[in-house]
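J.: Residue numbers (our numbering): 196 to 700. Just so you know, even glycine gets a beta-carbon here, dropped at the ideal spot from N, CA and C. Please see the structure below; I have some questions.
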């Protein structure tokens, strides 16, 4: 009751603690940027450091994934629209850089990558804070990742690797920000990041939305039909790009290369004699038996792949040529044939791919020139923190040269520990699984992305797996730290109840 002469006092809104509570994490970003710039201008880290084969004088053009810089500068919209070899955002990114800053576009891309990379350790710190409820632990995790040498190396790498890692981590950051006050706008921002991820890296197929959209709707406390409608609206760009490729090029995906990648892992190390025998039995097609995958389109003309196009970016002797679609489909049919005929070899190659996946990402060949310029830093990160020296001693003791780093053990242990904890808590009760996911959305979604990314990278690629691991290394580090802290705190690994009102000092 209020007296007649007094007006009711409105409750004071709690001041937003963004600057007060989050400033240590922004300082971590500043620290990373300072070190990255000192490495660029002091140690000489360069985005064009690694020598690549090819006759092109423009470094950007030497990458299979890139449309010619000339085409991007002259007609960016049409060139990207006629892209089928890759999702559109990487070439759109490169094209914008070229239009704004040519001929220094790659140098500016390096600087912009540093800005994106500086955000990642801050995101990692906040996410660890959410998972562990320990702000100091979050700050420490962010500091460690801010000095992670792979981050500096892939900032100085002109492919989509760093932007993809940024989007993976940013999506988890949005979920972490959703947890305290459960503001639905953070769920929408999470969905935006996921859709940008789909349009940047073909490994993240549109199919993941079948799991992520229900996950988002499940997190909403009210008006779930509205959330579902907005989630579908946000996803229309990704769905539209896949539909565009289906109508224009005849395949439903973001990259026409999937068949060549499938053949590279299923037919790895087959001798010419073995290929000839498979060809004679009709298991594989002539192109798979006689031409290496990812060869220039001109190498396939004698096999009937000689279609031409009036569109410039579809008529060049590169991997966005109009014939690449049919060529990849031929490799895909051969890969399926080999998989049916000789599944043991494919399983063996998946194991080899996982072994390569566990190699520290800083030891990928195409960043080796830059890694040599910060060799002491890289040595500490790979040999000590990722345990290569321990694994070497273990390999000598058991006589089995396989482990490569402690990730060989940590990744399956994380997955197994989280799975066992989830099953013990939920059993076969659907409602219990829903409750687990809604009460611990950050860890559950991070584990989903780790399992998905590891599976795709090891089942569909053999050779560059350590580079693919970098896409989720921030998640590997933060989930490993989070689960260890939960164990030390005597809490559950899965479904931990985050009944937390909000950040405080």
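(1) So, with DSSP's three-state summary, where would you put residue 663?
(2) Does the ligand MN have even one heavy atom less than 7 Å from the beta-carbon of residue 386?
(3) For the pair the stretch 413 to 432 and the stretch 487 to 498, tell me if three or more CB-CB distances fall below 8 Å.
(4) What is the rounded straight-line gap between the Cα of residue 427 and the Cα of residue 384?
(5) So what's residue 533 in DSSP terms, helix, strand or just coil?
(6) Assess, as a yes-or-no matter, whether the stretch 534 to 554 is touched by the stretch 271 to 291 under the definition of 3 or more beta carbon pairs within less than 8 Å.
(7) Can you confirm whether the stretch 539 to 553 touches the stretch 647 to 666 when touching is taken to mean that 3 or more C-beta pairs between the two stretches lie within less than 8 Å?
(8) Which residues bound the alpha helix (DSSP H) around residue 443?
(9) Taking the continuous alpha helix (DSSP H) assigned at residue 388, which residues delimit it?
(10) Beta carbon of residue 434, beta carbon of residue 280: below 8 Å?
(11) Report the CB separation of residue 142 from residue 395 in whole angstroms; it is logged as a contact under 8 Å.
(12) Per the contact definition of three or more C-beta pairs closer than 8 Å, is the stretch 555 to 563 in contact with the stretch 219 to 232?
(13) For residue 628, which residues of its own chain have a beta-carbon under 8 Å away from its beta-carbon, when the five flanking residues on both sides are left out?
(14) From what residue to what residue does the alpha helix (DSSP H) around residue 607 run?
(15) Near residue 350, what residues of its chain come up, given a Cβ to Cβ distance below 7 Å and the 5 sequence neighbours on each side ignored?
(16) Whole-angstrom Cβ separation of residue 576 and residue 344, contact assumed at under 8 Å?
(17) When the Cβ atoms of the stretch 314 to 323 are set against those of the stretch 254 to 274, are three or more pairs found closer than 8 Å?
(18) Could you work out which residue in 440, 525, 237 is closest to residue 479 when comparing CA atoms only?
(19) For a quick check, are the C-beta atoms of residue 483 and residue 529 less than 8 Å apart?
(20) Given 8 Å as the limit, is there contact between the stretch 271 to 278 and the stretch 499 to 515, that is, 3 or more CB pairs closer than that?
(21) Identify which residue in 512, 566, 515, 481 has its Cα closest to the Cα of residue 499.
(22) Are residue 701 and residue 348 closer than 8 Å when you measure CB to CB?
(23) If you scan the stretch 227 to 276 from start to end, which runs of the alpha helix (DSSP H) of 4 or more residues do you find wholly inside it?
(24) DSSP three-state call for residue 553: helix, strand or coil?
(25) Between the C-alpha atoms of residue 386 and residue 430, what's the straight-line distance to the nearest angstrom?
(26) Using the three-state DSSP reduction, which class does residue 561 fall into: helix, strand or coil?
(27) Quick check: the Cα distance between residue 572 and residue 476, rounded to an integer number of angstroms?
(28) Here's the rule I'm using: 16 or more other beta-carbon atoms within 10 Å means buried, otherwise exposed. How should residue 635 be labelled?
(29) Is it true that the CB of residue 688 sits closer than 8 Å to the CB of residue 612?
(30) Just the Cα atoms here: how many angstroms apart are residue 238 and residue 314?
(31) Please list the terminal residues of the continuous alpha helix (DSSP H) segment that includes residue 469.
(32) Report the start-end ranges of each alpha helix (DSSP H) in the stretch 273 to 325 that is 4 residues or longer and not cut off at the edges.
(33) Excluding sequence positions up to five away, which residues of its chain have a Cβ less than 6 Å from the Cβ of residue 201?
(34) Taking DSSP as the reference, what is the three-state secondary structure of residue 583?
(35) I need the DSSP call for residue 459, collapsed to helix, strand or coil.
T.: From the atom records:
(1) DSSP places residue 663 in helix when its eight states are reduced to three.
(2) This structure lacks the ligand MN; in fact it carries no ligand of any kind.
(3) No, because fewer than three Cβ pairs between the stretch 413 to 432 and the stretch 487 to 498 fall closer than 8 Å, the two stretches do not touch.
(4) Taking the CA atoms as reference points, residue 427 sits about 13 Å from residue 384.
(5) Residue 533 falls in the helix class under three-state DSSP.
(6) Proximity of the stretch 271 to 291 to the stretch 534 to 554 falls short of the contact definition, fewer than three beta-carbon pairs being nearer than 8 Å.
(7) At 8 Å Cβ cutoff, the stretches touch.
(8) That run of the alpha helix (DSSP H) goes 431 to 444.
(9) For residue 388, the enclosing alpha helix (DSSP H) has its first and last residue at 379 to 393.
(10) Not closer than 8 Å, so no.
(11) Absent from the model: residue 142. The displayed extent of the chain is 196 to 700, so no value can be given.
(12) No: fewer than three Cβ pairs fall under 8 Å.
(13) Its chain contains 617, 621 as the residues whose beta carbon lies nearer than 8 Å to that of residue 628, once the 5 sequence neighbours on both sides are disregarded; these appear in chain order.
(14) Its alpha helix (DSSP H) spans residues 602 to 621.
(15) So the qualifying residues of the chain are 231, 305, 308, 309, 312, 357.
(16) For residue 576 against residue 344, the beta-carbon gap comes to about 5 Å, under 8 Å, which counts as contact.
(17) The way I'd put it, the stretch 314 to 323 doesn't touch the stretch 254 to 274; fewer than three beta-carbon pairs between them come closer than 8 Å.
(18) Comparing alpha carbon positions, the residue from 440, 525, 237 closest to residue 479 is 525.
(19) The beta carbons of residue 483 and residue 529 sit closer together than 8 Å.
(20) Judged by Cβ distances under 8 Å, the stretch 271 to 278 makes contact with the stretch 499 to 515, as three or more pairs qualify.
(21) When the alpha-carbon of residue 499 is set against those of 512, 566, 515, 481, the nearest one is in 481.
(22) Not covered by the structure: residue 701. The range shown for the chain is 196 to 700.
(23) Whole alpha helix (DSSP H) segments, 4+ residues: 264 to 269, 271 to 276.
(24) In this structure, residue 553 counts as coil in the three-state DSSP scheme.
(25) Taking the straight line joining both Cα atoms gives about 8 Å.
(26) In the structure shown, residue 561 sits in a helix (DSSP, three-state: H, G or I).
(27) Rounded to the nearest whole angstrom, the CA to CA distance from residue 572 to residue 476 is 53 Å.
(28) Buried.
(29) It is a contact, given that the beta carbons lie within the stated cut-off.
(30) Straight-line Cα distance between these residues: approximately 22 Å.
(31) Element bounds for residue 469: 467 to 475.
(32) Qualifying alpha helix (DSSP H) stretches, in chain order: 284 to 296.
(33) Note that residue 201 scores 42 on pLDDT, short of 50, meaning its location in the model is unreliable and no value can be drawn from it.
(34) Residue 583 falls in the helix class under three-state DSSP.
(35) Three-state result, residue 459: helix.
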